[in-house]
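K.L.:
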Amino acid sequence: MTENPTVAGATLIDGKAIAHQVIEEIGAQVRQLTEAGKPVPGLAVVLVGEDPASQVYVRNKLLKCQQAGIVSREYRLAEETMESDLLGLLVDLNDDPDVHGILVQLPLPKHIDEQKVLMAIAPEKDVDGFHPQNLGRLMVGASDALVPCTPLGCLIMLRETLGDQLAGKHVVVVGRSNIVGKPAALLALQQHCTVTVVHSRSQEIESLCRQADVLIVAVGRPELVKADWVKPGAVVLDVGINRVERDGKARLVGDVAFDEVAQVASAITPVPGGVGPMTIACLLRNTLQAYRVQQG
Ligand code: GUN
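The end of the sequence shown is residue 449 by this note's numbering, with every number in the run present.
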């Protein structure tokens with residue numbers, strides 16, 4: 154376990170620092186492979202449209218690839234791109250031996266069927282882990298599953314924070330998205346946790362959250378979770394990244410009211426610098442995993 158600073162009594166889970174370690178390790182592995190004459194791992198990132206937040210996320214992903222020695226290619230498609238053209242690009246990328254990982258940044262424009270697109274990515278190149286084959290593998294606990302990056306990042310941070318104390322803990326996941334909530338619940342179950350998933354239609358959300366030893370919040374609602382939703386000593390992972398205006402200035406805040414929850418929790422992730430960097434680190438990890446499988 155690394156020594157982390159504390160905020161209002163809670164340990165700050167430094168996602169940025171843990172991600173840095175993960176990326177350094179991946180970089181070392183990539184160097185080893187290329188020095189041995191193996192091909193360089195390659196990632197294709199597809200961005201459709203002009204969503205400003207997606208543009209920032211994609212830029213960060215490409216930057217971190219570069220740091221780890223992974224070759225990345227960016228495909229920027231216009232907002233009005235036809236679904237069939239996007240599917241055509243994916244056929245080409247699936248067939249391209251230099252591309253080991255494919256990521257289509259979400260959300261997609263409304264006229265494109267997201268599920269259809271995610272299912273068109275070859276499962277062995279699906280570094281987001283969103284293809285039903287990979288989600289099925291995760292469901293049955295198969296070791297070759299490509300696991301969605303944000304929940305995987307959460308799990309790595311929990312292991313850093315709790316060590317071998319994770320088994321048996323009550324994990325409450327707030328949010329039931331395919332990207333975070335559902336796979337996070339499956340991963341926690343795999344770690345022998347007791348798991349509750351709460352969502353917008355759940356009754357008694359606050360009292361369910363108060364039962365959590367570990368609270369994972371991924372709903373996209375600025376500072377929804379308050380101090381009185383949190384059991385004293387709980388570990389809180391905040392997946393939300395929300396742009397809000399405070400005192401006339403743009404700010405990023407999570408789904409957790411950080412200042413007050415830090416008074417109650419034993420450990421908490423900041424926003425920014427918590428879960429976000431870990432998502433990118435896990436994307437690189439998945440790319441290397443996909444590369445290794447494809448290289449046999
Ligand atoms: N949009 C928000 N999170 C993600 C993610 O993890 N992967 C992709 N592809 N799009 C996202």
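The beta-carbon is built from N, C-alpha and C at its ideal position, and this holds for glycine as well.
In this structure, how does DSSP classify Glu188 when only helix, strand and coil are distinguished?
P.N.:
Correct three-state label for Glu188: helix.
K.L.:
Kindly provide the ranges of any beta strand (DSSP E) runs that are 3 or more residues long and lie completely inside the region 187-255, ordered along the chain.
P.N.:
Listed in chain order, they are 195-201 and 224-230.
K.L.:
Go to Arg312, then tell me how far its alpha helix (DSSP H) extends in each direction, as first and last residue.
P.N.:
Element bounds for Arg312: Cys302 to Leu315.
K.L.:
Can you round the beta-carbon distance between Ile171 and Met310 to whole angstroms, since I take them to be within the 8 Å contact cut?
P.N.:
About 6 Å separates the two Cβ atoms, so the contact holds.
K.L.:
Which residue comes first and which comes last in the alpha helix (DSSP H) that contains Leu291?
P.N.:
Leu291 -> alpha helix (DSSP H) spans Pro285 to Val293.
K.L.:
Going by the DSSP bridge assignment, what does Ile369 pair with across the sheet?
P.N.:
Paired residues: Val326 and Leu390.
K.L.:
Apart from the five residues just before and just after Ala371, which ones in its own chain have a Cβ nearer than 6 Å to its Cβ?
P.N.:
Cβ neighbours of Ala371 beyond the five flanking positions: Gly328, Val333, Gly334 and Val392.
K.L.:
Should Thr432 be counted as a contact of the ligand GUN given a C-beta to heavy atom distance under 7 Å?
P.N.:
Checking the Cβ of Thr432 against the ligand GUN gives yes.
K.L.:
So for Arg363, helix, strand or coil by DSSP?
P.N.:
Here Arg363 sits in coil by DSSP.
K.L.:
Let's see if you can read the secondary structure: which residues bound the beta strand (DSSP E) around Glu413?
P.N.:
Glu413 -> not in any beta strand (DSSP E); alpha helix (DSSP H) instead, spanning Phe411 to Val414.
K.L.:
When every heavy atom of the ligand GUN is checked, does at least one fall within less than 7 Å of the C-beta of Val257?
P.N.:
Yes, the Cβ of Val257 comes within 7 Å of a heavy atom of the ligand GUN.
K.L.:
Report yes or no: do the region 268-286 and the region 427-440 share at least 3 C-beta pairs separated by less than 8 Å?
P.N.:
Because the criterion of three Cβ pairs below 8 Å is met, the region 268-286 and the region 427-440 touch.
K.L.:
May I ask you to report which of helix, strand or coil DSSP gives Asn395?
P.N.:
In the structure shown, Asn395 sits in a strand (DSSP, three-state: E or B).
K.L.:
For a test of the three-state rule: what should DSSP assign to Ala161, helix, strand or coil?
P.N.:
Of the three classes helix, strand and coil, the one that applies to Ala161 here is coil, per DSSP.
K.L.:
Using a Cβ-based criterion (distance less than 7 Å to any ligand heavy atom), does Ile179 qualify as near the ligand GUN?
P.N.:
Checking the Cβ of Ile179 against the ligand GUN gives no.
K.L.:
In angstroms, rounded to a whole number, what distance separates the CA positions of Arg396 and Glu177?
P.N.:
Distance between the alpha carbons of Arg396 and Glu177: 30 Å.
K.L.:
By alpha-carbon positions, which one of Cys218, Thr234 and Leu216 ends up nearest to Asp266?
P.N.:
Ranking the options by Cα distance to Asp266, first place goes to Thr234.
K.L.:
In or out: Pro385 buried (at least 16 other Cβ within 10 Å) or exposed?
P.N.:
Its Cβ having fewer than 16 others within 10 Å, Pro385 is exposed.
K.L.:
Taking Cβ positions, are Val193 and Ser225 nearer each other than 8 Å?
P.N.:
Cβ distance not < 8 Å, so Val193 and Ser225 don't count as in contact.
K.L.:
Looking only at C-alpha atoms, which of Ile223, Val293 and Ala275 sits nearest to Arg184?
P.N.:
Comparing Cα positions, the closest option is Ile223.
K.L.:
Along the chain, where does the beta strand (DSSP E) that runs through Arg354 open and close?
P.N.:
It is not in any beta strand (DSSP E) - Arg354 carries neither H nor E in the DSSP assignment.
K.L.:
Bridge partners of Ile421, per DSSP?
P.N.:
Per DSSP, Leu165 and Val389.
K.L.:
Taking C-beta to C-beta, are Gly230 and Val201 nearer than 8 Å?
P.N.:
Before going further, note that residue 230 is Leu rather than Gly in the sequence given. In contact: Leu230 and Val201 (Cβ atoms closer than 8 Å).
K.L.:
Reducing DSSP to helix, strand and coil, say where Leu342 ends up.
P.N.:
Of the three classes helix, strand and coil, the one that applies to Leu342 here is helix, per DSSP.
K.L.:
Thinking Gly321 and Cys346 are a contact (beta carbons under 8 Å), I'd like their distance in whole angstroms, please.
P.N.:
Between Cys346 and Gly321 the Cβ distance is about 7 Å, and since that is below 8 Å, they are a contact.
K.L.:
Using beta-carbon positions only, say whether Ala443 and Glu227 come within less than 8 Å of one another.
P.N.:
Not a contact, by the Cβ cut-off of 8 Å.
K.L.:
Arg404 by DSSP, collapsed to three states: which one?
P.N.:
In the structure shown, Arg404 sits in a strand (DSSP, three-state: E or B).
K.L.:
Taking the alpha carbon of Val175 as the reference point, which residue from Ala189, Leu239, Thr432 and Val446 has its own alpha carbon closest?
P.N.:
When each option's Cα is compared against that of Val175, the closest is Thr432.
K.L.:
Hey, how far is the Cα of Leu340 from the Cα of Gln318?
P.N.:
Each residue's Cα considered, the two are about 15 Å apart.
K.L.:
DSSP on Val378, reduced to helix/strand/coil?
P.N.:
If DSSP states are grouped into helix, strand and coil, Val378 belongs with the strands.
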